[in-house]
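S.K.: Each number in my numbering corresponds to the 1-based position in the sequence shown with 192 added.
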Amino acid sequence: MRRGGHPDDRADRRKRVLRRDDHQCRKCGGSRESLHVHHVRPISQGGSHDISNLEALCRSCHAKEHPTKVKLSSAVSDRRRVRMNYRSSSVTRVREPDPYAIETHDGIQYLVGHDYYRNEIRVCRPKRIVWLDVLETSFAIPTSFDATEYLARRLRPRRRSRRRRESAIGRILRSIFGR
């Protein structure tokens with residue numbers, strides 16, 4: 193299992209599900225080219241990546257299952273600002289970002305964009321979006337901006353200073369040996 197929860201044999205499972213479902217959408221029976229593989233019971237609600245919990249869905253039926261993801265993806269591709277309720281660890285706030293890109297880092301999805309209210313580039317987790325509306329306001333991504341590079345820099349582990357590391361080690365040793 194890779195970080196972010198996807199199994200290593202994800203591509204193989206996809207092929208097996210599509211073959212089992214005869215390359216047709218389980219909801220409407222359509223056999224469109226871009227079929228998606230959907231978790232019947234979400235992982236967050238105790239579902240698994242087992243073939244029995246997966247089904248083939250066409251894009252439109254899958255969009256009905258995940259309307260926020262589809263709206264966000266279309267806002268990114270159409271370069272439209274969004275208004276959303278975003279849930280952080282303690283509170284839900286209204287945000288209005290220009291969504292530059294949806295990137296994956298270490299198996300976890302992130303939205304990178306310019307936050308209109310804070311007037312700065314922000315990173316957030318799409319799974320924490322409670323509600324989303326695509327606005328008519330369009331935007332342009334700065335030509336010098338690279339979302340993948342920005343995200344890698346932003347999520348790089350912060351290094352502790354040598355002094356802080358040594359004091360932390362000292363505290364641990366003192367707690368063990370009582371000096």
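Note that CB positions come from ideal geometry on N, CA and C, so glycine has one too.
If you're wondering where the values come from, they're calculated on a predicted model, not measured in any experiment.
Tell me whether the beta-carbon of Arg-218 lies closer than 9 Å to the beta-carbon of Ala-248.
M.R.: Looking up residue 218 in the sequence shown gives position 26. Looking up residue 248 in the sequence shown gives position 56. Result yes, Cβ atoms of Arg-218 and Ala-248 sit closer than 9 Å.
S.K.: So, for Leu-343: in the same chain, excluding its five sequence neighbours on each side, which residues have a beta-carbon less than 8 Å away from its beta-carbon?
M.R.: Counting from 1 along the sequence shown, the entry for residue 343 is found at position 151. Excluding residues within five positions, the ones whose Cβ falls inside 8 Å are Glu-295, His-297, Tyr-302, Val-304, Val-315.
S.K.: Please classify Asp-214 as buried or exposed, where buried requires at least 16 other C-beta atoms within 10 Å of its C-beta.
M.R.: By 1-based counting over the sequence shown, the position of residue 214 is 22. Exposed, by the Cβ-count rule.
S.K.: Contact defined as beta carbons within less than 8 Å: I believe Asp-290 pairs with Phe-337. What is the distance between those atoms, to the nearest angstrom?
M.R.: Residue numbering aside, residue 290 sits at position 98 when the sequence shown is read from its first letter. Residue numbering aside, residue 337 sits at position 145 when the sequence shown is read from its first letter. No, Asp-290 and Phe-337 are not in contact; Cβ-Cβ is about 11 Å, not under 8 Å.
S.K.: To the nearest angstrom, how far is the alpha carbon of Arg-320 from that of Phe-369?
M.R.: Residue mapping note: residue 320 aligns to position 128 of the sequence shown, counting from 1. Residue mapping note: residue 369 aligns to position 177 of the sequence shown, counting from 1. Approximately 44 Å, taken between the alpha carbons.
S.K.: Taking C-beta to C-beta, are Val-274 and Leu-327 nearer than 9 Å?
M.R.: Counting from 1 along the sequence shown, the entry for residue 274 is found at position 82. Counting from 1 along the sequence shown, the entry for residue 327 is found at position 135. Closer than 9 Å, so yes.
S.K.: Could you have a look at Asp-214 and say whether DSSP puts it in helix, strand or coil?
M.R.: On the sequence shown, residue 214 is found 22 positions in, with the first residue counted as 1. Of the three classes helix, strand and coil, the one that applies to Asp-214 here is coil, per DSSP.
S.K.: What would DSSP say about Glu-328, mapped onto helix, strand or coil?
M.R.: On the sequence shown, residue 328 is found 136 positions in, with the first residue counted as 1. Of the three classes helix, strand and coil, the one that applies to Glu-328 here is strand, per DSSP.
S.K.: What span of residues does the beta strand (DSSP E) with His-231 cover, start to end?
M.R.: What you label residue 231 is simply residue 39 of the sequence shown in a count that begins at 1. Where His-231 is concerned, the enclosing beta strand (DSSP E) stretches over 228–231.
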